[in-house]
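Q: Residues in the sequence shown are numbered from 31 upward in steps of one, following our numbering.
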Amino acid sequence: MHINHKPSILIKYLIAFVFFSLSLSSVLQAQIKIMPLGDSITWDWYYGDGRPDSMRHGYRNHLWYKLQDANYDVDFVGSLNNGGAISPSFDGDNEGYTGHFCHQIASSVYGYLVTNTPDIILLHIGTNGSAAFSPSKSVADAENILNEIDRFERDKKVKITVILAQIINLQKNPSWINSYNSQLANMTQNRINNGDDIILVNMQSAVGWDMIDGIHPTNSGYQKMATAWFNKMKPVLDNLSKADDYSYLIPIYSLILNP
Numbered sequence: 031m032h033i034n035h036k037p038s039i040l041i042k043y044l045i046a047f048v049f050f051s052l053s054l055s056s057v058l059q060a061q062i063k064i065m066p067l068g069d070s071i072t073w074d075w076y077y078g079d080g081r082p083d084s085m086r087h088g089y090r091n092h093l094w095y096k097l098q099d100a101n102y103d104v105d106f107v108g109s110l111n112n113g114g115a116i117s118p119s120f121d122g123d124n125e126g127y128t129g130h131f132c133h134q135i136a137s138s139v140y141g142y143l144v145t146n147t148p149d150i151i152l153l154h155i156g157t158n159g160s161a162a163f164s165p166s167k168s169v170a171d172a173e174n175i176l177n178e179i180d181r182f183e184r185d186k187k188v189k190i191t192v193i194l195a196q197i198i199n200l201q202k203n204p205s206w207i208n209s210y211n212s213q214l215a216n217m218t219q220n221r222i223n224n225g226d227d228i229i230l231v232n233m234q235s236a237v238g239w240d241m242i243d244g245i246h247p248t249n250s251g252y253q254k255m256a257t258a259w260f261n262k263m264k265p266v267l268d269n270l271s272k273a274d275d276y277s278y279l280i281p282i283y284s285l286i287l288n289p
């Protein structure tokens, strides 16, 4: 009696369906997650600001529009949300904490990442330290944020790209900002040299003095921030998008269906 060991066409199609379902699931989950992280410049607040939270947006809506126009499949993540009344609508999720110092973000960032694990973090932090700490102290605290992100990556075996900002100007204390940004750049380069996945973006130059109260940007200043973030993030987004290309599965399906 001859026994046909080749799988039946039904079994072959069933195997192909399983492969297709798994790959489709991966594609659907392949949205690139971006966490806007920082203080009031991330949340969007300025002195004398009486807007409701539903009207706050900062750089985030402008960045969202650029990402959508470029057809990137992204998801802003964070435990906070604002800007729901802004038109056109945008993804308002973020981790922007008005008045926070670097050390406060450092003490909490691990928890933020547990709740919402991003592929990319946009970090603008340090301005509030000018009222209480030396530039070197604030840079050390900012580095602790990076240390906590690294610890999370090791613990969870994930990879997160941090795009770290040299922060915008401060009218009342420009020398503090200059010193902070210079030391921040040196610290960042040392970490990059040791293999840390950080990209530095110069928001001080990008925004200039386009500010509403000497501390926070005007709307056009936020647009400039969005452009600076986007330009630095684009190569990262392109690499992540390539990593989500599942065309390699086509020959596998072909082999299954036509052995």
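Just so you know, even glycine gets a beta-carbon here, dropped at the ideal spot from N, CA and C. The structure displayed is predicted, hence computed values, not measured ones.
(1) Count the other CB atoms within 10 Å of the CB of residue 219; is the residue buried (16 or more) or exposed (fewer)?
(2) Any contact of the stretch 113–124 with the stretch 84–101, i.e. 3+ C-beta pairs under 8 Å?
(3) In this structure, how does DSSP classify residue 135 when only helix, strand and coil are distinguished?
(4) Among 257, 210 and 132, which one has its Cα closest to the Cα of residue 175?
(5) Please determine, among 67, 103 and 198, the residue with the shortest C-alpha to C-alpha distance to residue 251.
(6) Under 7 Å Cβ to Cβ from residue 166, same chain only, skipping five residues before and after it: list those, please.
(7) Since residue 207 and residue 234 should fall inside the 8 Å C-beta cutoff, what is the C-beta to C-beta distance between them, to a whole number of angstroms?
(8) Is it buried or exposed for residue 77, if we count other Cβ within 10 angstroms and need 16 for buried?
(9) Report the start-end ranges of each alpha helix (DSSP H) in the stretch 213–274 that is 4 residues or longer and not cut off at the edges.
(10) Once you ignore the five residues that flank residue 116 on each side, which residues in its own chain have a CB closer than 6 Å to its CB?
(11) Indicate, with yes or no, if the ligand HEM has a heavy atom lying under 7 Å from the CB of residue 151.
(12) Roughly how many angstroms separate the alpha carbons of residue 157 and residue 104, rounded to a whole number?
(13) Since residue 155 and residue 68 should fall inside the 8 Å C-beta cutoff, what is the C-beta to C-beta distance between them, to a whole number of angstroms?
(14) Start and end of the alpha helix (DSSP H) containing residue 176?
(15) Is it the case that the Cβ atoms of residue 152 and residue 179 are separated by a distance below 8 Å?
A: With the given structure in hand:
(1) Position 189 of the sequence shown, counted from the first residue, corresponds to residue 219. Counting every other CB atom within 10 Å of its CB across the protein chains shown gives residue 219 a total below 16, marking it as exposed.
(2) Contact holds between the stretch 113–124 and the stretch 84–101, because three or more Cβ pairs, one in each stretch, are under 8 Å apart.
(3) Position 105 of the sequence shown, counting from 1, holds the residue named residue 135. Reduced to three states, the DSSP call for residue 135 is helix.
(4) The count along the sequence shown starts at 1 and reaches residue 175 at position 145. Ranking 257, 210 and 132 by Cα distance to residue 175 puts 132 first.
(5) Position 221 of the sequence shown, counted from the first residue, corresponds to residue 251. Of the listed residues, the one whose Cα sits closest to residue 251 is 198.
(6) Taking the first residue of the sequence shown as position 1, residue 166 is located at position 136. Within the same chain, 213 come within 7 Å of residue 166 by CB-CB distance, once the 5 residues on both sides are set aside.
(7) Within the sequence shown, numbered from 1, the residue matching residue 207 stands at position 177. Within the sequence shown, numbered from 1, the residue matching residue 234 stands at position 204. Contact holds; Cβ gap of about 7 Å.
(8) Residue 77 sits at position 47 when you count from the first residue of the sequence shown. Exposed, because fewer than 16 other Cβ atoms sit within 10 Å of the Cβ of residue 77.
(9) 233–237 and 249–273, all fully within the stretch 213–274.
(10) The residue given as residue 116 occupies position 86 in the sequence shown. Counting only Cβ-Cβ distances below 6 Å, and skipping sequence neighbours, we find 87 and 91.
(11) As for the ligand HEM, it is missing from this structure, which has no ligand bound.
(12) Position 127 of the sequence shown, counted from the first residue, corresponds to residue 157. Position 74 of the sequence shown, counted from the first residue, corresponds to residue 104. Roughly 28 Å separates the two Cα atoms.
(13) For the purposes of this step, residue 155 is identified with residue 125 of the sequence shown, where counting begins at 1. For the purposes of this step, residue 68 is identified with residue 38 of the sequence shown, where counting begins at 1. Going by Cβ atoms, the distance from residue 155 to residue 68 rounds to 5 Å, so yes, they are a contact pair.
(14) Here residue 176 corresponds to residue number 146 of the sequence shown, with the count starting at 1. In the DSSP annotation of this structure, the continuous segment of the alpha helix (DSSP H) that includes residue 176 starts and ends at 165–186.
(15) Indexing the sequence shown from 1 puts residue 152 at position 122. Indexing the sequence shown from 1 puts residue 179 at position 149. Cβ atoms of residue 152 and residue 179: not closer than 8 Å.
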